[in-house]
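Here is the structure we will look at, set down as structure tokens.
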Amino acid sequence: MTLQDRINTFADDLTAIRRDLHEHPELGFQEVRTSGIVAEKLRSWGIEVTTGIGKTGVVGVLKGDRPGRTIGLRADMDALPIDEQTNLPWASKTPGVMHACGHDAHTTMLLGAARYLSENRDFAGTAVFIFQPAEEGLGGARAMLADGLFERFPCDEIYGMHNSPYHEPGVVGVKPGSAMAGANFFDIHITGKGCHAAMPESGIDTIVIATALVQQLQSIVARNVPPTKQLVLSVTQIHAGAAYNVIPETAHLAGTVRYFDRGVADMVTRRMQELCDGVAKGYGVEITLDMRNVFDVLENDPALAEAMIGAARELVGDKAQIKSDLVMGSEDFADMLQAVPGAYCTIGHKGSVPLHNPGFVLDDGILPLGASIMARMVELRGAG
Numbered sequence: 191m192t193l194q195d196r197i198n199t200f201a202d203d204l205t206a207i208r209r210d211l212h213e214h215p216e217l218g219f220q221e222v223r224t225s226g227i228v229a230e231k232l233r234s235w236g237i238e239v240t241t242g243i244g245k246t247g248v249v250g251v252l253k254g255d256r257p258g259r260t261i262g263l264r265a266d267m268d269a270l271p272i273d274e275q276t277n278l279p280w281a282s283k284t285p286g287v288m289h290a291c292g293h294d295a296h297t298t299m300l301l302g303a304a305r306y307l308s309e310n311r312d313f314a315g316t317a318v319f320i321f322q323p324a325e326e327g328l329g330g331a332r333a334m335l336a337d338g339l340f341e342r343f344p345c346d347e348i349y350g351m352h353n354s355p356y357h358e359p360g361v362v363g364v365k366p367g368s369a370m371a372g373a374n375f376f377d378i379h380i381t382g383k384g385c386h387a388a389m390p391e392s393g394i395d396t397i398v399i400a401t402a403l404v405q406q407l408q409s410i411v412a413r414n415v416p417p418t419k420q421l422v423l424s425v426t427q428i429h430a431g432a433a434y435n436v437i438p439e440t441a442h443l444a445g446t447v448r449y450f451d452r453g454v455a456d457m458v459t460r461r462m463q464e465l466c467d468g469v470a471k472g473y474g475v476e477i478t479l480d481m482r483n484v485f486d487v488l489e490n491d492p493a494l495a496e497a498m499i500g501a502a503r504e505l506v507g508d509k510a511q512i513k514s515d516l517v518m519g520s521e522d523f524a525d526m527l528q529a530v531p532g533a534y535c536t537i538g539h540k541g542s543v544p545l546h547n548p549g550f551v552l553d554d555g556i557l558p559l560g561a562s563i564m565a566r567m568v569e570l571r572g573a574g
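Residues 191 to 574, numbered by the working numbering, are exactly what the sequence shown covers, in order.
Okay, structure coming up:
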């Protein structure tokens, strides 16, 4: 029986796990139930388990029957603060929280790989199964690294994956080199002078200032970023006011900058600060900018990207493809790839709704494929 045939025999078990996780989503660093299920499953398969890495992270270690290299496999576990609107029988039972990015599937795929390898230990080297918390902008990878992830569990290579409703079912893609954007998150706080809405001349209107600043920020990409550089600056939140007849004292803007060149991103931060300072002086208010780096640029090692595609081709043939497009989305697996060489792939499925959408539906049919790719990477790369 081939690897994929064997994993297909317990595909229903994987679907049950995934749907259970989907019904009980947990936000970043709160994945207590999820990490408990992961740890229990790994232990039941005879895998050595360590919990509490990066707060709620879990690491499993499985040695093959022959000496070899150590291969890390990583999946994320956290959900998003979104109200689910799918009406599925296994829809989220937690109000305001949903697996709208498919991390429940990634966790399940890695569990599937762990189960297969625990039952078929005729491989060289060691598999390290890394279940990461808080991928969605909360720094889960950095938390695990700060807890000594790779000092405690040294890996020669590391691999990850993500489901994709944007590609045809079964299409596996890897882009060598820079693949996904780095990301900064920012907050801008504006403090003016509140007053009665009927007497605006007695105050300083922070809503007018906030909207003007949003427009000026957009000029940075148009006029300061070289056209050969890819960068996105998006204001995603505006908060101000709570009454019909009050001009608010404060306003708050928030958003993100996505980039592939750190130098260009630093220039954008300087320009944002200059605009904030200029608007503050012009309107006579206080404006503070808080910019923080959340994700590194995801860099796939070219040779290991080719190796991952090679493993996928054994399973899906020509549907395994080297990609050339840069993705402006971010992924904190990038932080692990800064420490250990590796690669990250996408797996297309039948879903038609975008990620991070309250109507997102994952196709459970990709679970065995994802598990098979991860397990095959250990079999191939553990031997060197």
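Even glycine gets a Cβ: it sits at the ideal position worked out from N, Cα and C.
Pair within 8 Å by beta-carbon distance, residue i and residue j
{"i": "F376", "j": "D456", "result": "no"}
{"i": "A371", "j": "V487", "result": "yes"}
{"i": "K253", "j": "A333", "result": "no"}
{"i": "E347", "j": "V530", "result": "yes"}
{"i": "C385", "j": "G262", "result": "no"}
{"i": "L315", "j": "T260", "result": "In the sequence as presented, Leu is not what sits at residue 315; that position holds Gly. For G315 and T260, yes; Cβs fall inside 8 Å."}
{"i": "P558", "j": "A201", "result": "yes"}
{"i": "S392", "j": "T536", "result": "no"}
{"i": "F485", "j": "D508", "result": "no"}
{"i": "P448", "j": "L421", "result": "Note on identity: in this sequence residue 448 is Arg, with Pro being the wrong assignment. Yes."}
Length of the line joining the Cα atoms of residue i and residue j
{"i": "L516", "j": "F450", "result": "9 Å"}
{"i": "N483", "j": "A373", "result": "6 Å"}
{"i": "P279", "j": "H212", "result": "10 Å"}
{"i": "D553", "j": "M299", "result": "13 Å"}
{"i": "A387", "j": "G431", "result": "11 Å"}
{"i": "L328", "j": "Q511", "result": "31 Å"}
{"i": "I410", "j": "G474", "result": "23 Å"}
{"i": "T199", "j": "L307", "result": "14 Å"}
{"i": "T396", "j": "A441", "result": "6 Å"}
{"i": "M191", "j": "T418", "result": "50 Å"}
{"i": "A497", "j": "V454", "result": "32 Å"}
{"i": "G472", "j": "Y349", "result": "51 Å"}
{"i": "S234", "j": "G250", "result": "12 Å"}
{"i": "A433", "j": "I477", "result": "22 Å"}
{"i": "L570", "j": "E341", "result": "24 Å"}
{"i": "G302", "j": "P438", "result": "53 Å"}
Residue i, enclosing alpha helix (DSSP H) - first and last residue
{"i": "L307", "result": "H293 to E309"}
{"i": "A565", "result": "L557 to R571"}
{"i": "F375", "result": "F375 -> not in any alpha helix (DSSP H); beta strand (DSSP E) instead, spanning G372 to T381."}
{"i": "H212", "result": "A201 to E213"}
{"i": "K231", "result": "V222 to S234"}
{"i": "T401", "result": "T396 to R413"}
Closer than 8 Å to chain C by CB, residue i
{"i": "L552", "result": "Of the protein chains in this structure there is only one, and it is not chain C."}
Residue i CB to nearest heavy atom of the ligand SAM below 7 Å
{"i": "I410", "result": "By its list of ligands, the structure shown contains no ligand whatsoever, and the ligand SAM lies outside what it can speak to."}
Extent of the continuous beta strand (DSSP E) run through residue i
{"i": "Q427", "result": "L421 to A430"}
{"i": "P257", "result": "R256 to D266"}
{"i": "E347", "result": "E347 to S354"}
{"i": "E238", "result": "E238 to I243"}
{"i": "Y534", "result": "G532 to G538"}
{"i": "E476", "result": "E476 to F485"}
{"i": "Q511", "result": "A510 to I512"}
{"i": "G445", "result": "T440 to Y449"}
{"i": "I363", "result": "The residue asked about is misnamed: residue 363 is Gly in this sequence, not Ile. Looking at the DSSP string, the run of the beta strand (DSSP E) that includes G363 is V362 to V364."}
Neighbourhood of residue i by C-beta distance below 6 Å, restricted to the same chain and skipping five residues each side
{"i": "A229", "result": "V239, T241 and V248"}
{"i": "S282", "result": "P215, E274 and M288"}
{"i": "A295", "result": "R208, N353 and L552"}
{"i": "R256", "result": "A314"}
Nonlocal neighbours in the same chain, by C-beta distance under 7 Å from residue i, ignoring five residues either side
{"i": "L494", "result": "E347, P531, G532 and A533"}
{"i": "E221", "result": "T246, M267, D268 and P323"}
Close beta carbons around residue i, own chain, < 8 Å, minus the five adjacent residues each side
{"i": "R223", "result": "H214 and E216"}
{"i": "T426", "result": "A444, G445 and T446"}
{"i": "L403", "result": "I378, I380, L443, L465, C466, V469 and I477"}
Taking contact to mean at least 3 C-beta pairs separated by less than 8 Å, is the stretch 259-273 in contact with the stretch 289-304? yes
The stretch 359-369 in contact with the stretch 377-384 per 3-pair CB rule at 8 Å: no
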